[in-house]
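Peer 1: Under the numbering used here, the residue at position 123 of the sequence shown is numbered 126, and the numbers go up by one with no gaps. Backbone N, C-alpha and C define an ideal beta-carbon position, used for all residues, glycine too.
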Amino acid sequence: MLWDSNVLRIPTLEEVDRHAQAYMKKHPRSSYPELKATPITDPKAFEKWAKESHQVAADWAYNLTTLPDPNKDQPADKLVQNMINFILNGVSPVKEAPALPPGYWDRLQSTTERRLTLAGYRIADLVFAAAAQIEGQAKFMGR
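(1) In chain order, what residues of the same chain have a beta carbon less than 8 Å from the beta carbon of residue 98, not counting five sequence neighbours either side?
(2) By how many angstroms is the C-alpha of residue 93 removed from the C-alpha of residue 4?
(3) Taking the C-alpha atoms as reference points, what is the distance between residue 119 and residue 45?
(4) Taking just the CA atoms, how far does residue 31 sit from residue 49?
(5) Between the segment 72 to 90 and the segment 21 to 29, do three or more beta carbon pairs fall short of 8 Å?
(6) Given a cut-off of 7 Å, decide if residue 132 and residue 43 are closer than it, judged by their beta-carbon atoms.
(7) Per DSSP, what kind of secondary structure is residue 47 in: helix, strand or coil?
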């Protein structure tokens with residue numbers, strides 16, 4: 004839950020842009036060997052990227068002591084309502100969570116920031132590649 008909810012919740016495009024600029028400055032494209040390891044032209048790029056993210060999670064993000072889910076027997080609609088209340092209002096569906104190990108929160112923030120920036124670079128590459136294809140097709144068709 005902590006890992007999944009650690010996403011920027013920014014209400015304006017100006018703030019999104021400000022954060023994106025700061026992230027790109029802090030994490031330049033050249034600091035991501037992943038961009039060269041799996042380029043967007045790789046037919047299995049999305050699958051490889053998903054496995055890459057899963058490995059990040061498996062390596063440390065989910066390596067915490069867990070408690071049994073006290074809500075496991077609730078009806079699905081109540082579970083969804085709890086999740087929506089958490090997402091919109093920050094009200095946790097659990098009363099007690101295990102303590103985080105020292106340094107976990109800082110590492111979570113840093114990893115999330117790097118993964119968001121990497122995702123941004125990948126999305127930009129996909130958009131530019133799609134635009135180039137459209138432009139190439141338009142020229143081919145004489146437009």
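Peer 2: Let me spell this out:
(1) The residue given as residue 98 occupies position 95 in the sequence shown. Once the five neighbours on either side are set aside, the close Cβ partners of residue 98 are 73.
(2) On the sequence shown, position 1 is the one that residue 4 refers to. On the sequence shown, position 90 is the one that residue 93 refers to. Because residue 4 carries a pLDDT of 46, less than 50, the predicted location of this residue cannot be relied on, and the following value inherits that uncertainty. Distance between the alpha carbons of residue 4 and residue 93: 12 Å.
(3) Looking up residue 119 in the sequence shown gives position 116. Looking up residue 45 in the sequence shown gives position 42. If I take the Cα positions, the gap works out to 21 Å.
(4) Position 46 of the sequence shown, counted from the start, is the residue given in the question as residue 49. Position 28 of the sequence shown, counted from the start, is the residue given in the question as residue 31. Spanning the two alpha carbons is a distance of roughly 22 Å.
(5) no
(6) Looking up residue 43 in the sequence shown gives position 40. Looking up residue 132 in the sequence shown gives position 129. Yes.
(7) Position 44 of the sequence shown, counting from 1, holds the residue named residue 47. Residue 47 falls in the coil class under three-state DSSP.
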